[in-house]
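Engineer: Taking the working numbering, the leading residue of the sequence shown gets 2, the next gets one more, and so forth.
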Amino acid sequence: MMICTCEECRYTFPKLNSSKYCPDCGSEAVRPATDKEIDEYKAYQQEFHPESQIA
Ligand SMILES: [Zn+2]
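(1) Per the DSSP calculation, M14 is bridged to which residue(s)?
(2) So does Y12 have its beta carbon nearer than 8 Å to some heavy atom of ligand 1?
(3) Would you mind stating whether E38 and T6 have Cβ atoms separated by less than 9 Å?
(4) Let me know the secondary structure DSSP gives P51 once reduced to three states.
(5) Indicate, with yes or no, if ligand 1 has a heavy atom lying under 8 Å from the CB of S20.
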């Protein structure tokens, strides 16, 4: 799974094949997340959504 970050609102999310837009603000300014952003994303998932951990 590819993790991406929106340049507009800094929302980090798993990118789905069907979408190139930020699911939060709808911007097209989406780029691959950095390692640091991916770490933050995983930490957030573990803290708030432990039932849906990503590998
Ligand atoms: Zn956004």
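Ideal Cβ positions, reconstructed from N, Cα and C, are used throughout, including at glycine.
Structural biologist: A quick look at the data gives this:
(1) The sequence given here places Phe at residue 14; Met does not occur at that position. Bridge partners of F14: C5.
(2) Indeed, a heavy atom of ligand 1 lies less than 8 Å from the Cβ.
(3) yes
(4) Reduced to three states, the DSSP call for P51 is helix.
(5) no
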